[in-house]
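Counting in the UniProt record's numbering, the final residue of the sequence shown is number 152, and the numbers go up one at a time with none missing.
Don't be surprised by glycine CBs; every beta carbon is placed ideally from N, CA and C.
Remember, it's a predicted structure, so these values are computed and weren't measured experimentally.
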Amino acid sequence: MRITNGFDVSASALTAQRLRMDVISSNIANAETTRAKFVNGQYVPYARKMVVLEPTTPSFADVLNGKINGTASSKAAGVKVSKIVEDQTPFKQVYDPTNPDADANGYVQMPNVDIAKEMVDMITASRSYEANVTALNTTKAMFSKALEIGRA
1 MRITNGFDVS ASALTAQRLR MDVISSNIAN AETTRAKFVN GQYVPYARKM
51 VVLEPTTPSF ADVLNGKING TASSKAAGVK VSKIVEDQTP FKQVYDPTNP
101 DADANGYVQM PNVDIAKEMV DMITASRSYE ANVTALNTTK AMFSKALEIG
151 RA
């Protein structure tokens, strides 16, 4: 196991949470977009996107077994973005017969973006980012203190 694994873990989390915040920002920006794609001869609204994260290392049991057998992996733990998926929640139907995107009954399909949910997700991603910055700074401070021990 390398001494810099702590940096690798925090760096992977920072990258993943930054992308997550970018996707959430895109969702908020497109919360009223009724013509996002052209599918089967008609426009469809913007579909909310979500980031899927996965660990970059094997399971804890695999790592533990490797340590017991003396062949522990030196690969850093962390997280990576495995994909960005569209939310399958149905689009909202809003009655607005004056809208050019209204159907024959006067209903407009609106994006499935809930601003309150996006704000909660943004706060969660932001707090996770801040926690990883703190962990990175703590690791850096521990290395600095360790180097000072060698000088004394």
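Item                                                                                                                            : Value
Contact under 7 Å by Cβ, G78 with V133                                                                                          : no
Whole-angstrom C-beta distance between A125 and R20, which should lie under 8 Å                                                 : 5 Å
Stretch-stretch touch, CB-based, cutoff 8 Å, three pairs: the region 42 to 49 with the region 102 to 118                        : yes
Assigned secondary structure, Y46 (DSSP; H/G/I helix, E/B strand, else coil)                                                    : coil
Contacts around K140, its chain only, beta-carbon distance under 6 Å, and the 5 residues preceding and following it disregarded : none
Environment of T4 [buried if 16+ CB atoms lie within 10 Å]                                                                      : exposed
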